[in-house]
């Protein structure tokens with residue numbers, strides 16, 4: 005057997021455990037985990053799930069932060085024939101339950117380090133509402149059984165939830181075949197070899213961190229050094245790149261801007277880098293220029309494009325080539341990877357690839373809207389220039405790109421609209437041109453005007469609800485008079501117009517903002 | 002000094018700052034010396050948002066380099082007070 009023959013992620017890990025047994029699969033916070041240890045952990049957790057009588061292609065939620073145990077859970081579920089559903093570990097109970105019910109999951113895997121009190125709360129029957137809460141540690145002492153089901157390339161490996169809004173959740177269905185296809189496409193398109201040394205703090209529960217930074221290195225037996233997905237301090241990231249002589253790192257533009265704000269020239273030697281991929285949010289030409297200048301690098305920061313619906317990677321600019329910036333300041337995200345066909349229809353990007361997902365789990369309406377014949381409709385706007393290079397210029401769908409995570413405006417609006425005294429709400433992403441990038445602005449029309457006390461109380465209530473559900477804080481919360489939010493004849497929110505009216509000061513000038521007074 | 006609405010803002014109190022911090026971070030109870038990150042659960046973007054809100058409310062500018070020395074509502078209060086003098 006060789007890497008050419010691999011058709012599923014489970015085959016990939018089994019093969020690695022055989023041929024690379026004592027080699028390090030990854031390090032987390034400096035602690036190594038070998039392919040043998042990884043495989044043993046996967047089998048133990050899989051045996052444990054079988055004892056819980058996991059059905060074939062049954063969904064199991066994982067709400068775990070970056071850790072070695074995440075991988076035992078993620079692949080253990082697949083090994084037992086199930087579908088892994090990794091979600092943001094800070095998801096509040098409401099979101100966990102919304103996703104669990106959308107994919108009919110009865111088990112959720114959480115980290116053992118969650119405070120004892122929280123476990124007690126979550127494990128309590130009222131709160132868990134029928135969900136069984138387990139940890140990877142529960143599988144300790146489990147005998148590794150050998151009668152695991154055979155996994156097929158067309159079996160679903162995992163669901164990537166891009167929206168968890170009630171009644172319209174979007175869990176992207178990715179098969180083993182999809183993943184192996186995109187792994188191979190990225191290896192060729194990004195010229196990745198087994199000599200690559202990856203360093204990543206990206207969330208392993210999300211596509212770029214999970215597929216590019218762990219599956220690709222596992223496939224090639226390349227080194228990958230993982231860190232906690234906490235970006236309060238960028239230094240551990242840079243320290244690890246320097247110490248490991250890393251050749252490949254990836255992050256959204258925001259993270260590189262943070263580096264520029266906190267780190268001086270020559271504090272770190274990043275000269276080992278071949279690629280510093282900038283993706284998952286709009287790439288700024290200034291970030292590329294300043295980052296390379298600060299660390300004395302040349303043509304190392306590449307711009308990439310991808311989306312969960314095409315597994316993850318679609319295109320990347322060539323390392324070693326200077327970035328292409330058009331007259332409007334958009335940075336090209338390069339040519340599509342091999343066997344990926346990209347075209348534009350009315351300015352919108354459509355993608356055809358064997359890595360295209362099978363649709364959204366249990367959501368036929370959204371699935372039918374996703375496909376146009378053999379192509380997926382990306383919702384992103386852009387164009388391809390005469391040299392075949394792709395440029396992304398905006399978004400058609402109303403998604404807010406908050407710190408590299410795509411959040412549907414609708415999901416935020418549902419939270420705000422559920423509050424009795426709110427008549428109608430709209431969420432928009434606003435980039436003030438400063439370090440933090442696009443941030444969430446919530447606009448809410450009041451049923452009855454209210455008073456500063458009421459608005460203050462509502463701000464706290466809404467900020468709390470958004471944080472509990474999505475683990476994020478809105479940048480601003482504004483209360484408006486009825487009918488202040490512009491809508492079309494058939495009632496659709498005109499997000500773009502609202503943003504324009506707010507930024508130009510028109511909302512304020514027309515006396516439509518009740519609170520706050522700035 | 003003028004803020005977003007063009008009205009003059011000439012004074013600031015620690016209570017106003019604590020209220021602003023509470024609204025931004027979704028915290029009902031905020032003390033002068035609570036640390037944004039450790040005690041109030043803020044991420045770096047939350048601090049940037051808090052500062053942006055303070056700038057708009059009080060019509061001042063806070064440099065990005067100054068963000069690194071803002072740890073508590075009290076720090077923010079003292080910085081804004083200094084700017085207003």
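Chains as they are written, first to last, in my numbering: chain A, 5 to 522; chain B, 2 to 86. Glycine residues also receive a C-beta, built at the ideal position from the N, C-alpha and C atoms.
Residue state for residue 412 of chain A is assigned as strand, using DSSP reduced to three classes.
Fewer than three pairs of CB atoms, one per stretch, sit closer than 8 angstroms, so the region 286-301 of chain A makes no contact with the region 187-204 of chain A. Per DSSP, the continuous beta strand (DSSP E) segment holding residue 229 of chain A begins and ends at 227-230. Rounded to the nearest whole angstrom, the CA to CA distance from residue 31 of chain B to residue 278 of chain A is 46 angstroms.
Nearest Cα to residue 115 of chain A within the set A:76, A:365, A:220: A:76.
Spatial neighbours of residue 182 of chain A in its own chain (CB-CB distance under 7 angstroms, excluding positions within 5 residues in sequence) are listed in chain order as 315, 359, 361.
Residue 353 of chain A sits close to residue 386 of chain A, with the two beta carbons spaced by under 8 angstroms. If you check the CB distance, residue 209 of chain A and residue 92 of chain A come in under 8 angstroms. Within the same chain, 76, 80, 143, 144, 146, 148 come within 8 angstroms of residue 48 of chain A by CB-CB distance, once the 5 residues on both sides are set aside. The C-beta separation of residue 384 of chain A from residue 400 of chain A comes to about 7 angstroms, placing the pair in contact by the 8 angstroms criterion. In this structure, residue 42 of chain A and residue 84 of chain A do not form a Cβ contact; the two beta carbons are roughly 16 angstroms apart against a cut-off of 8 angstroms.
DSSP, reduced to helix, strand and coil, places residue 345 of chain A within a strand of the structure shown. Within the model, the alpha-carbon separation for residue 417 of chain A versus residue 445 of chain A is close to 11 angstroms.
For a cut-off of 8 angstroms, the C-beta gap from residue 341 of chain A to residue 321 of chain A is around 12 angstroms, too long to register as a contact.
In this structure, DSSP gives residue 386 of chain A an extended state, which the three-state scheme calls strand. Three or more Cβ pairs closer than 8 angstroms define a contact, and the region 226-233 of chain A meets that threshold against the region 59-76 of chain A. Setting aside the 5 residues that flank it on each side, residue 463 of chain A is surrounded in the same chain by 481, each with a C-beta closer than 7 angstroms to its C-beta; the list follows chain order. For residue 434 of chain A, not one C-beta of chain B is nearer than 8 angstroms to its own C-beta.
For residue 177 of chain A, there is no enclosing alpha helix (DSSP H); the residue is part of the beta strand (DSSP E) that begins and ends at 174-179.
Within the region 282-368 of chain A, the complete alpha helix (DSSP H) segments of 4 residues or longer fall at 289-298, listed in chain order. Taking the beta carbon of residue 58 of chain B as reference, the chain A residues within 9 angstroms of it are 520, 521, 522, listed in sequence order. Beta-carbon to beta-carbon, residue 263 of chain A and residue 304 of chain A are separated by about 13 angstroms, too far to satisfy the 8 angstroms threshold.
Rounded to whole angstroms, the separation of the alpha carbons of residue 377 of chain A and residue 500 of chain A is 29 angstroms. At a cut-off of 8 angstroms between beta-carbon atoms, residue 29 of chain B makes contact with chain A. Scanning its chain for C-beta atoms nearer than 7 angstroms, with the 5 sequence neighbours on each side dropped, one finds no residue around residue 247 of chain A. Straight-line measurement puts the Cα of residue 281 of chain A at about 19 angstroms from the Cα of residue 442 of chain A.
Rounded to the nearest whole angstrom, the C-alpha separation of residue 250 of chain A and residue 202 of chain A is 6 angstroms. Chain B has a Cβ within less than 8 angstroms of the Cβ of residue 438 of chain A. Check the Cα spacing between residue 298 of chain A and each of A:470, A:152, A:242: the tightest is with A:242. As a beta-bridge residue in DSSP terms, residue 406 of chain A pairs with A:409. Residue contact check for residue 300 of chain A against chain B: no CB pair falls below 8 angstroms. It is roughly 8 angstroms from the alpha-carbon of residue 95 of chain A to the alpha-carbon of residue 67 of chain A. Using a Cβ-Cβ cut-off of 8 angstroms, residue 236 of chain A is close to 38, 44, 45 of chain B, given in chain order. One alpha carbon belongs to residue 200 of chain A, the other to residue 64 of chain B, and they sit about 39 angstroms apart. As DSSP reads the structure, residue 481 of chain A sits in a beta bridge with A:446. About 6 angstroms separates the Cβ atoms of residue 54 of chain B and residue 25 of chain B, confirming a contact at the 8 angstroms cut-off.
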